[in-house]
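Numbering (my numbering), first residue to last: 23 to 200.
Here is the structure:
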């Protein structure tokens with residue numbers, strides 16, 4: 023009996039993976055309820071969006087979430103018996119390939135829906151390129167992950183001097199203040 027079930031499940035899995043789609047799949051998720059030491063069942067099968075060879079440049083994301091109630095038994099230390107209660111799990115009803123919108127830093131980044139990611143604002147890239155041309159590519163680099171220009175080396179300056187992060191060199195404190 024178990025063998026035939028496994029065969030059916032394997033066929034269904036193979037069919038989904040061959041089609042290359044994004045679909046809800048049941049996975050085991052731990053059941054944790056604050057204030058209780060033991061929960062039974064301690065795991066429950068909950069749907070989660072899974073990209074079966076699909077969603078090449080995007081993510082498999084939920085299109086509609088639904089809540090499902092499950093019955094659980096809970097215990098705490100000192101309780102003489104188990105208590106039955108309802109616990110709500112949230113799961114996707116359906117999924118699609120799309121962008122999982124991350125929060126971009128509004129000061130330095132724009133969201134690119136074609137690439138599903140945050141990219142550095144063009145103004146920042148241009149300012150950095152100008153600085154690199156002035157200072158030299160051997161002294162300064164652009165870091166896309168930080169959307170900024172940074173000196174390749176931080177020098178230890180002599181007494182009375184400070185390191186200028188915009189020029190990647192030591193200058194006198196009076197020059198820096200003035």
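All C-beta atoms, glycine included, are put in the ideal place defined by N, C-alpha and C.
Rounded distance between the beta-carbons of residue 90 and residue 113, thought under 8 Å: With a Cβ gap of about 6 Å, residue 113 and residue 90 count as contacting.
What's the gap between the Cα of residue 157 and the Cα of residue 193? Near 14 Å, if we compare the C-alpha coordinates of residue 193 and residue 157.
Measuring straight from C-alpha to C-alpha, what distance separates residue 135 and residue 104? If you take the alpha carbons of residue 135 and residue 104, they lie about 50 Å apart.
Considering Cα atoms alone, identify which of 152, 100, 147, 186 is closest to residue 166. Of 152, 100, 147, 186, the residue nearest in Cα terms is 147.
For the candidate residues 85, 190, 196, whose alpha-carbon lies nearest to that of residue 70? If we check each option's Cα against that of residue 70, 85 comes out closest.
Quick one: give me the first and last residue of the alpha helix (DSSP H) that residue 147 is part of. Here the alpha helix (DSSP H) through residue 147 covers 144-157.
Pick helix, strand or coil for residue 131, following the three-state DSSP scheme. Of the three classes helix, strand and coil, the one that applies to residue 131 here is strand, per DSSP.
What are the residues that DSSP puts in a beta bridge with residue 111? In the DSSP output, where bridge partners are listed per residue, residue 111 has 90.
My output table needs one value for residue 167: the three-state DSSP class, helix, strand or coil. Residue state, collapsed to three classes: coil.
Run the CB neighbour count on residue 142, radius 10 Å, all protein chains shown included, and call it buried at 16 or more, exposed below. By the neighbour-count rule (16 or more Cβ atoms within 10 Å), residue 142 is buried.
Residue from 95, 55, 81, 97 whose Cα sits closest to the Cα of residue 122: Put simply, of 95, 55, 81, 97 the residue whose alpha carbon is nearest the alpha carbon of residue 122 is 81.
For residue 150, the nearest candidate out of 119, 94, 189, 184 (CA to CA): The shortest Cα separation from residue 150 among 119, 94, 189, 184 belongs to 189.
Short check: CB of residue 94 to CB of residue 52, under 8 Å? No, Cβ-Cβ distance for residue 94 and residue 52 is not below 8 Å.
Might you give, ordered along the chain, the residues of its own chain that have their beta carbon closer than 7 Å to the beta carbon of residue 97, omitting 5 neighbours on each side? So the qualifying residues of the chain are 58, 59, 60, 104.
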